[in-house]
Amino acid sequence: MSEFSRTTVTAALIYANGPIHIGHLAGCYLPADIYVRYLRLKKQDVIFVSGTDEHGVPITIKAQKEGKTPQEVVDYYYANIKSSFEDFGISFDIYGRTSDPVHHKMSQDFFLHLYKEGKFIEEVTEQYFDEAADQFLADRYITGECPKCHQPGAYGDQCEKCGSSLSPTELINPKSSLSGASPILKETKNWFLPLDQWQGALEDYVNSHPEWKPNVSGQVKSWLQDGLRPRAMTRDLSWGVPIPLPDTEGKVLYVWFDAPIGYISMTSQLTTDWEKYWKAKDSRIVHFIGKDNIVFHCLIFPAMCMAHGEFQLADQVPANEFMNLEGDKISTSRNWAVWLHEYLQDFPGKQDVLRYALTASSPETKDADFTWADFQTKNNSELVAILGNFVNRAFVLIDKNFEGIVPAKAAGTGLEDDVKHALADIPAKLEAALANYKFRDALVLAMEIARIGNKYLADAEPWKIIKEDKEKAGTVLNFAVQLVAHASVALEPFIPFTAAKLRTALGIQEADWSTIGDFELIPTGQKLANPGLLFEKLEDDVIQAQVDKLKQTKEAMELASKQVNPIKETIDFESFTKMDLRVGHITAAEKVEKSKKLLKLAVNDGQKVRTILSGIAEHFEPADVIGRQVCFLANLAPRKIMGQESEGMILMAEDADGSLAFMQPSKAIWNGASIS
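Numbering-wise, UniProt numbering puts 207 at position 207 of the sequence shown, and it's gapless, one number per residue.
Below, the structure is given as structure tokens:
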């Protein structure tokens with residue numbers, strides 16, 4: 001990094017069509033925040049830029065579902081997302097939005113620059129058009145049968161059942177999700193960026209960065225190997241940045257053309273000298289993204305910058321893989337997620353616990369899994385038992401024996417050199433891990449300071465020494481305080497709320513990376529302010545409540561997606577009239593011996609009391625059904641079940657969750673009444 005004077009860090013612009021969940025955090029926002037906080041501790045010139053992507057089909061689909069305008073949708077979710085990030089401690093220098101007029105103008109200027117330089121090719125292609133809605137259809141507005149797995153309801157760009165990437169023309173029996181009508185193919189003109197013309201330059205760019213993570217370079221090289229093709233930079237839509245050319249009403253910039261320009265337009269709102277962060281050769285650009293955005297940041301946006309000619313290309317794109325939840329893929333549509341705003345409500349003041357747990361299981365090289373059991377273990381066995389325990393012991397002993405004042409160093413126990421030796425190589429290793437985006441390893445190294453502290457106190461036993469040699473015990477506690485100070489700096493990128501609390505307790509005005517390892521950092525005589533317990537143990541019932549919440553979510557989504565049984569084969573009216581449906585009254589009920597399913601019901605049919613055996617014992621107790629009026633099939637031929645004769649069939653309806661309900665009159669009616 002020595003050749004760079006400044007660093008521009010971006011975190012992916014998220015669609016403003018839903019709240020933030022832990023998959024988003026683990027994918028790019030938390031790693032980016034850790035890295036930026038580290039650079040700030042190093043006193044480097046760094047800006048941290050992100051915002052909401054407020055254009056594109058996901059926004060219009062959300063608006064359609066909620067019966068709102070796209071602007072209403074993005075206004076709501078921008079506020080929700082921005083607030084959640086702030087409360088969680090994601091320390092953006094600016095969090096902007098692509099619906100801002102400043103962004104519109106900069107995106108249009110960028111487009112015009114390429115247009116005037118002849119960098120686009122104009123092509124007339126056939127696209128699906130909804131005649132009823134009088135508009136061209138984006139891929140997500142077209143559904144049909146998947147040509148691969150034949151699942152109905154596949155989208156024009158992907159089948160969510162088999163995962164196949166599709167094009168709208170591949171769908172069988174395509175339908176418009178706007179009107180339900182079959183779309184037609186209609187000619188339209190759009191502007192394409194000829195990526196194939198930039199293939200050689202892009203290959204050189206990618207090959208010049210052998211240090212990129214394997215998941216990033218592997219995906220990019222696969223695309224390059226297949227050969228790049230021209231890609232449309234405009235779309236026929238009503239929502240987005242309008243194309244700044246005459247006679248282009250109803251056309252907007254492709255969302256993946258304008259979105260990355262958002263990083264630049266947001267920087268321009270942050271500082272008047274924004275250009276040096278994007279154009280100066282001694283500026284370093286780092287894009288933090290999830291793996292689904294790799295191609296856009298490593299090929300398409302670089303090609304745009306190459307075509308423009310003024311902007312620097314990213315030096316690093318440390319993309320993470322996906323974070324799963326309890327063994328299942330996080331899904332917004334299925335509501336299978338831990339939502340950040342809900343977490344902050346359920347666990348007030350525990351931002352650092354989630355930051356710690358997500359970092360410790362970060363999907364840096366492969367997909368990872370978040371579980372509430374692991375979350376509990378990370379809190380109880382590490383934050384409470386290691387860091388919290390060490391800090392609490394150090395402060396309590398100083399409060400009790402030295403009135404909360406840092407004691408002087410005198411003759412030690414002989415263990416102090418061991419402590420210094422154990423700590424000596426941690427700063428360099430920690431710095432190397434952070435600089436190379438290995439945040440899981442870095443967290444382990446930062447926590448090692450607390451482990452060293454716990455071992456030191458356990459071995460030195462100052463609570464025993466003080467009875468005979470108070471000065472020696474004071475030396476031990478002075479060293480312990482210095483280790484707390486080192487931990488407060490080393491852990492700042494990961495758990496900043498806790499680190500800030502420690503600095504306040506220690507009287508440190510500002511965290512500085514260079515102070516890690518300085519055993520004179522906290523001066524003798526410094527008055528300390530005991531921070532109390534840093535973390536509290538999470539009990540099983542608290543965690544079980546979250547597990548149950550997910551279980552209920554899964555059950556609700558399964559019920560919502562359950563398909564109604566198909567209609568049986570058609571019968572004629574004569575066949576229907578042969579069924580004698582009646583109303584009766586259950587006068588007695590009992591379980592059938594040796595059967596889990598059967599209840600023996602006595603049903604008054606207005607002429608006699610008949611016996612009907614019904615397979616409802618797993619849903620109702622005998623006492624629950626006595627006295628009910630029910631509907632039954634009266635002329636079903638009697639048959640023996642479990643050695644007993646049944647004279648009819650009770651009519652029941654099965655709900656989506658498998659529960660049963662009696663079919664019965666809406667008011668009391670005479671027994672034996674016919675149903676027709």
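Using N, Cα and C, we set each Cβ at its ideal position, and we do this for glycine too.
- Between residue 47 and residue 74, the C-beta gap is not smaller than 9 Å, which leaves the two residues out of contact.
- Its Cα nearest to that of residue 126, the residue 168 stands out among 168, 599, 145 and 369.
- DSSP lists no beta-bridge partner residue for residue 209.
- When 171, 500, 90 and 487 are compared, the shortest CA-CA separation from residue 427 is found for 487.
- For residue 223, the secondary structure class from DSSP, reduced to helix, strand or coil, is helix.
- By the beta-carbon neighbour count (other beta carbons within 10 angstroms, threshold 16), residue 175 is buried.
- A distance below 6 Å between beta-carbons, with the five flanking residues on each side excluded, links residue 186 to the following residues of its chain, in chain order: 129.
- Here residue 33 is buried. Its C-beta has 16 or more other C-beta atoms within 10 Å.
- A contact is defined here as three or more CB-CB pairs under 8 Å, and the region 316-330 meets this definition with respect to the region 26-42.
- Judged by their CB atoms, residue 576 and residue 340 are not nearer to each other than the 9 Å cut-off.
- Residue 15 has its alpha-carbon roughly 14 Å from the corresponding atom of residue 257.
- Residue 324 has its alpha-carbon roughly 7 Å from the corresponding atom of residue 367.
- Residue 361 sits in coil when the DSSP states are folded into three classes, being neither helix nor strand.
- Spatial neighbours of residue 474 in its own chain (CB-CB distance under 7 Å, excluding positions within 5 residues in sequence) are listed in chain order as 402, 407, 408 and 410.
- Under DSSP, residue 585 takes part in a beta bridge, and its partners are 604 and 629.
- For the pair residue 358 and residue 383, the Cα-to-Cα distance works out to about 13 Å.
- Around the CB of residue 154, 16 or more other CB atoms lie within 10 Å, so the residue is classed as buried.
- Between the beta-carbon of residue 107 and that of residue 141 there is about 23 Å, and that puts the pair past the 8 Å contact cut.
- Residue burial annotation: residue 149 is exposed, with fewer than 16 other C-beta atoms found within 10 angstroms of its C-beta.
- In the structure shown, the three-state DSSP call for residue 385 is helix.
- Looking from the CA of residue 537, the closest CA among 193, 375 and 495 belongs to 375.
- Distance from the Cα of residue 282 is smallest, within the candidate group 617, 294, 308 and 313, for 313.
- With contacts defined by Cβ atoms closer than 9 Å, residue 494 and residue 352 form a contacting pair.
- One alpha carbon belongs to residue 170, the other to residue 264, and they sit about 37 Å apart.
- The beta carbons of residue 534 and residue 397 sit no closer together than 9 Å.
- For the pair residue 241 and residue 104, the CB atoms are nearer than the 9 Å cut-off.
- DSSP places residue 68 in the coil class of the three-state scheme, outside both helix and strand.
- Scanning 72, 307, 81 and 205 for the CA closest to the CA of residue 192 turns up 307.
- Taking a cut-off of 8 Å for Cβ pairs, the region 615-633 and the region 574-589 touch, as three or more such pairs fall below it.
- C-alpha of residue 422 to C-alpha of residue 456: approximately 10 Å in a straight line.
- DSSP, reduced to helix, strand and coil, places residue 54 outside both helices and strands of the structure shown, so it counts as coil.
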